[in-house]
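Residue numbers (the numbering used here), protein chains in the order written: chain A, 1168 to 1580; chain B, 1168 to 1580; chain C, 66 to 197; chain D, 66 to 197.
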Amino acid sequence: MLAEGVYIVGAGMTAFSAKLHANKTGRELLVEATWEAVKSVDKGITLHKDVEALFIGYFTPEYYEHQSHIGPLAATWLGLTPKPAFRTEIACASSSAALFAGVTAVASGLYDVVLVAGVEKMTSLETERVTEALALASDDLSESKVGATFPGLYALLAQAYFRRYGATWEQLQRVPIKNHYNGSLNPKAHFQQTIGQMAEKVGKKLGVQYKDELDFLKNSPFNRVVAYPLRLFDCCPISDGAAVAVLASGRAARRFTDTPLRLLGVGLGTDNVALQDRADLTSLVATRNAAEAAYRTADISPKDLDVVEVHDCFTIAEWLAVEDLGLVGRGEAPRAYEEGLTGIEGEIPVNTDGGLKAKGHPVGATGIGMLNEVWHQLRGTAGRRQVKNKAETGLVHNVGGSGASAAVFIFGR
Amino acid sequence: MLAEGVYIVGAGMTAFSAKLHANKTGRELLVEATWEAVKSVDKGITLHKDVEALFIGYFTPEYYEHQSHIGPLAATWLGLTPKPAFRTEIACASSSAALFAGVTAVASGLYDVVLVAGVEKMTSLETERVTEALALASDDLSESKVGATFPGLYALLAQAYFRRYGATWEQLQRVPIKNHYNGSLNPKAHFQQTIGQMAEKVGKKLGVQYKDELDFLKNSPFNRVVAYPLRLFDCCPISDGAAVAVLASGRAARRFTDTPLRLLGVGLGTDNVALQDRADLTSLVATRNAAEAAYRTADISPKDLDVVEVHDCFTIAEWLAVEDLGLVGRGEAPRAYEEGLTGIEGEIPVNTDGGLKAKGHPVGATGIGMLNEVWHQLRGTAGRRQVKNKAETGLVHNVGGSGASAAVFIFGR
Amino acid sequence: MSEGHLSLFYKELEAGRLTGSKCKACGEVFVPPRPLCSRCGGETETVSLKGEGAIESFTVIHVPPVFLKDASPYILALVRLEEGALVMGRLLGYDPSKPEEVKMGLKVRFEALKEKHGEKEETIVAFKPLEA
Amino acid sequence: MSEGHLSLFYKELEAGRLTGSKCKACGEVFVPPRPLCSRCGGETETVSLKGEGAIESFTVIHVPPVFLKDASPYILALVRLEEGALVMGRLLGYDPSKPEEVKMGLKVRFEALKEKHGEKEETIVAFKPLEA
Ligand SMILES: [Zn+2]
Ligand SMILES: [Zn+2]
Chain A
1168 MLAEGVYIVG AGMTAFSAKL HANKTGRELL VEATWEAVKS VDKGITLHKD
1218 VEALFIGYFT PEYYEHQSHI GPLAATWLGL TPKPAFRTEI ACASSSAALF
1268 AGVTAVASGL YDVVLVAGVE KMTSLETERV TEALALASDD LSESKVGATF
1318 PGLYALLAQA YFRRYGATWE QLQRVPIKNH YNGSLNPKAH FQQTIGQMAE
1368 KVGKKLGVQY KDELDFLKNS PFNRVVAYPL RLFDCCPISD GAAVAVLASG
1418 RAARRFTDTP LRLLGVGLGT DNVALQDRAD LTSLVATRNA AEAAYRTADI
1468 SPKDLDVVEV HDCFTIAEWL AVEDLGLVGR GEAPRAYEEG LTGIEGEIPV
1518 NTDGGLKAKG HPVGATGIGM LNEVWHQLRG TAGRRQVKNK AETGLVHNVG
1568 GSGASAAVFI FGR
Chain B
1168 MLAEGVYIVG AGMTAFSAKL HANKTGRELL VEATWEAVKS VDKGITLHKD
1218 VEALFIGYFT PEYYEHQSHI GPLAATWLGL TPKPAFRTEI ACASSSAALF
1268 AGVTAVASGL YDVVLVAGVE KMTSLETERV TEALALASDD LSESKVGATF
1318 PGLYALLAQA YFRRYGATWE QLQRVPIKNH YNGSLNPKAH FQQTIGQMAE
1368 KVGKKLGVQY KDELDFLKNS PFNRVVAYPL RLFDCCPISD GAAVAVLASG
1418 RAARRFTDTP LRLLGVGLGT DNVALQDRAD LTSLVATRNA AEAAYRTADI
1468 SPKDLDVVEV HDCFTIAEWL AVEDLGLVGR GEAPRAYEEG LTGIEGEIPV
1518 NTDGGLKAKG HPVGATGIGM LNEVWHQLRG TAGRRQVKNK AETGLVHNVG
1568 GSGASAAVFI FGR
Chain C
66 MSEGHLSLFY KELEAGRLTG SKCKACGEVF VPPRPLCSRC GGETETVSLK
116 GEGAIESFTV IHVPPVFLKD ASPYILALVR LEEGALVMGR LLGYDPSKPE
166 EVKMGLKVRF EALKEKHGEK EETIVAFKPL EA
Chain D
66 MSEGHLSLFY KELEAGRLTG SKCKACGEVF VPPRPLCSRC GGETETVSLK
116 GEGAIESFTV IHVPPVFLKD ASPYILALVR LEEGALVMGR LLGYDPSKPE
166 EVKMGLKVRF EALKEKHGEK EETIVAFKPL EA
């Protein structure tokens, strides 16, 4: 149990995009996200005066910006110098590690107000170099060297899942269809078109008419195979972006807002990096352990959740996530997605912001980007994608690599 | 103030070396250091059963091992899976960030026993590539691009110091002379020869006799200029190594030993990365802030310290450190070193293990490597380099880059 | 204790042999060898592996890493060895354009594959059909 | 608010001009420009700098980064501009083998230096003696 309560009193993020941020560096994206977080603090905040430390997730600045030592560099740009600042890394969950470091720093009694942030400026490299940078999250010796890529690792998980439960790639396409729909309601999403809208556009160009969204995904030359059976639309895009949140102790929170979010539960989980060392290919043990710890500290069960953000870097990852988080039983994801259980209007809305698939996945920014969505949903400021009844409880689930790391955070109003 | 007390119940490290570890990977170095830490726990520890989380500093695994996501990878090799594990980075102070993360995680009440570790496997790259990897800690835009290297940045600090206080390069040579002497007493040091011994060896080969150690440093062709006025012996070497410590809460500590070290004080400091943004070139503000916070939480003053580990990546850095830590006044380092104040037999022994200069500087391992020295000095197990009266209080000071980050930890028996 | 687990593995691999670790406590087998068990934390011993097993999952990589640009598409498989370990390797002897011909459960045999990665020659784990 | 501080700086630099930020609260000047003051956190405005100043520290790099192999030895200086900002730049017009000829306090003037870094041409900050 945490010795002290931890609260979220502000949150902000840039749009996630492959185009908008072409002329900006990672440090400039952080400033943009932080500026929004500052404006979100109901009673105002003065960064330089109020914030006592900064924790920041950035997966691979060495490759993207020929830069490391991101903590103090970001502090300078955010006007936070000389406050303590360091970087955390667990691959695609790097900003969840920053959130964790911020949470324990506040709960330890050392600080009352800290900034947690995540950023990744990816479009400075060509796609094949990005693929190489991402591969640093897998085991270099057992996986990268043998020719594994991230789509390939998730394809191996998908195949194992299909085999075990008799599920099909066609059933899996409910994931991108839902997430693109949600993304179409999110002005900060990388893709703001439904797959239907894309199908119409592409169809017009090719002089073809697609019967429906699945027909487009199945038969459009655009949706080429990346790692069999996964295709382009089974994969999240390459995006630039940053996301920030302001954490405060119970003592300090009311100075900033009368309606903070409260951190109810926290859990981190780890598994062996190489798939070949995993006990199970149809489930992520790291997620299950992280979720178990988070539910235990929050003292709630999955059915108490009103909105859930999960790590859908690839379509199959969303199925694994909803099962491993206990939202549905093992092997039940295909049916749950056919029934629309996880739509914005469904029983358990999942990835209302579009998920990694449509919102985008600037790796180091993703975890705190998810927290931004829960922030809005729980405060009723999620606009056109707001869940029906104002949400009381939300969960963030962020995975590192092919599942060697997972973080789960639960927040309440 | 920390909500809960934090204790060190075990510590271990590999030798730091450029030769010994040629056939080992970073993960294997971690196993070796951890194995020693396990053996150091008085009442025994079972890693897989007792340790609840792992925090690990590694500055640039991307360059040295084409690998990231080091947390879970290390967990696998240490038999710790599925316990939470992530990496921290603030350049050369990366393992101090891991120690900080471990300390706050324990003090927050979340865990009772955690492993903190640091590692850097540097010799897999040639020297000029290592130089490039290290340069990631400076500001890419304002410094690296303009041609700055790390020796160059510290040379700029040395020149400013010399100018302000009228000090000389000759006076500064007391630092490597002392540290090589200390290293000669440390079986884990990268260099275990005094400079006198080296002078004799080199002299024999060249048919020259050097009057004394300073004469050798001044006149040997071996001691070539790296970045004027700093020469080869003003710089620490490139080493492989790993270091580990086991932290426990007050509740748990006595399960492992009756004589743990207690963490008395902790402080992190940050400054602008680029030298051109610093307010002062003759002092590291990050160190001063970190020390101020650590002394305040420990409620002690510099004169209470019995043994001090400081970050002497370059000779000038040790002078700055002893001043910024308040061991001597501003501008007093030259005289203090002439008087032998910081020798093992001196009033305030500094870098009894040989410092980064002689012990070596496997970047990510350095902070927890220093903690290992304090562990031994405070427990009276430092062998031939043991300070005279068994030490009661020790300090660790670890710097990131050219001083944009600093961490200070104070430990007591 | 740690010296050489990985350098031993690659030395053996270059000579065409596959080695792993067996946990003395729980019996699990892992590749490559390592000092402690990834399942229970127990100590291990290094074992030679016969290298025969069955395909448990596979994929065809169409967008490869830079250093394998010219090799793609290629098949990757996770193979469950008879000794119990799961191992990733390149699957040879099948046509990457006909993934439907690769069946789960197919019996395969380990083979060391030498391959150019940029300037360097690397030896990696591969498998081919047992019947071949 | 953040758009373009750095891209503006490099665009100006390529055109031979030096820009910085001035803090509206405390008056500090920084190079390159940034949105918030590195000293007090206040908001800044972008300013053009004349580029004249005095050497506050210098070094001669004998072991350079890989991309400057052929340029070494070369001199780096920290220069205090008349506007107050401290700026690092390459020092031209002195012999790197005679560091004793470079004096602290010497007056210098900014110049944009175009230089090959591997395949890329980069523009970096440099200084030369004011008298020259
Ligand atoms: Zn076992
Ligand atoms: Zn100011």
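We put the CB at the ideal spot given by N, CA and C, even for glycine.
With 6 Å as the limit, the residues whose C-beta approaches a heavy atom of ligand 1 more closely than that are C:C88, C:A90, C:C91, C:E93, C:C102, C:R104, C:C105, C:G107, in chain order. Exposure of T1213 of chain B is indicated by the presence of fewer than 16 other C-beta atoms within 10 angstroms of its C-beta. The region 1445 to 1457 of chain B makes contact with the region 1488 to 1498 of chain B; the number of CB pairs closer than 8 Å reaches 3 or more.
The three-state reading of DSSP puts F1183 of chain A in coil, since its state is none of H, G, I, E or B. For S1572 of chain B, the enclosing beta strand (DSSP E) starts and ends at 1572 to 1579.
N1353 of chain B is a Cβ neighbour of R1552 of chain B, given a cutoff of 7 Å. For F1267 of chain A, the enclosing alpha helix (DSSP H) has its first and last residue at 1261 to 1274.
For T109 of chain D, DSSP records a beta bridge to D:C88.
In chain A, no part has a C-beta under 9 Å from the C-beta of P130 of chain D; the shortest such distance is about 11 Å. Around the beta-carbon of G1238 of chain A, 16 or more other beta-carbon atoms lie within 10 Å, marking it buried.
Taking a Cβ-Cβ threshold of 7 Å, the residues of chain A close to C102 of chain D are G1246, in chain order. Cβ-Cβ distances below 6 Å link D1217 of chain B to V1280 in the same chain, with the five nearest sequence neighbours on each side left out; the list follows chain order. For the region 1426 to 1459 of chain B, the beta-carbon criterion of a distance under 8 Å to any beta-carbon of chain D is satisfied by N1439, A1441, L1442, Q1443, D1444, R1445, A1446, L1448. Taking 9 Å as the Cβ-Cβ cut-off, the region 1369 to 1400 of chain A has no residue approaching chain D. Contact annotation for L151 of chain C against chain A: L1442, Q1443, D1444, R1445 [CB-CB distance below 8 Å, chain order]. Rounded to the nearest whole angstrom, the C-alpha separation of H1215 of chain A and V1369 of chain A is 49 Å.
One alpha carbon belongs to S1184 of chain A, the other to E77 of chain D, and they sit about 27 Å apart. Apart from the 5 residues on each side of it in sequence, P1516 of chain A sits with its Cβ closer than 6 Å to the Cβ of V1474, V1554 in its chain, given in chain order. The continuous stretches of alpha helix (DSSP H) do not include I1467 of chain B, and DSSP gives it neither H nor E.
Of all residues in the region 78 to 110 of chain D, only R99, P100, L101, C102, S103, C105, G106 place a beta-carbon less than 7 Å from a beta-carbon of chain A. For the C-beta of L1308 of chain B, the chain D residues within less than 9 Å are, from N- to C-terminus, L71, F74, Y75, P97.
Across the structure, I1175 of chain B and F1358 of chain B are spaced so that their CA atoms are roughly 28 Å apart. Contact of S1275 of chain A with chain C by beta-carbon distance below 9 Å is absent, the smallest such distance being about 28 Å. Per DSSP, S122 of chain D lies in no alpha helix (DSSP H) segment; the continuous beta strand (DSSP E) that holds it begins and ends at 117 to 126. F1329 of chain B carries a helical assignment under DSSP once its states are collapsed to helix, strand and coil. For A1304 of chain B, the CB contacts under 6 Å within the same chain, skipping 5 residues up- and downstream, are A1258, G1568 in chain order.
Taking a contact to require three or more Cβ pairs closer than 8 Å, the region 1227 to 1238 of chain B and the region 1251 to 1268 of chain B qualify as touching. If you compare the alpha carbons of B:G1561, B:E1293, B:V1440, B:A1500 with that of W1244 of chain A, the shortest gap goes to B:V1440.
For K1378 of chain A, the closest of A:P1388, A:K1372, A:A1366 by C-alpha to C-alpha distance is A:A1366. The C-alpha of S1450 of chain B is placed about 11 Å away from the C-alpha of G1496 of chain B.
Chain-order list of chain D residues neighbouring R1330 of chain B: M169, by C-beta distance under 7 Å. Restricting attention to beta strand (DSSP E) runs no shorter than 3 residues, the region 1351 to 1427 of chain A encloses them at 1392 to 1395, 1408 to 1416, ordered along the chain. In this chain, the beta strand (DSSP E) harbouring K181 of chain C covers 172 to 182. For a cut-off of 8 Å, the C-beta gap from G1177 of chain B to A1204 of chain B is around 5 Å, short enough to register as a contact.
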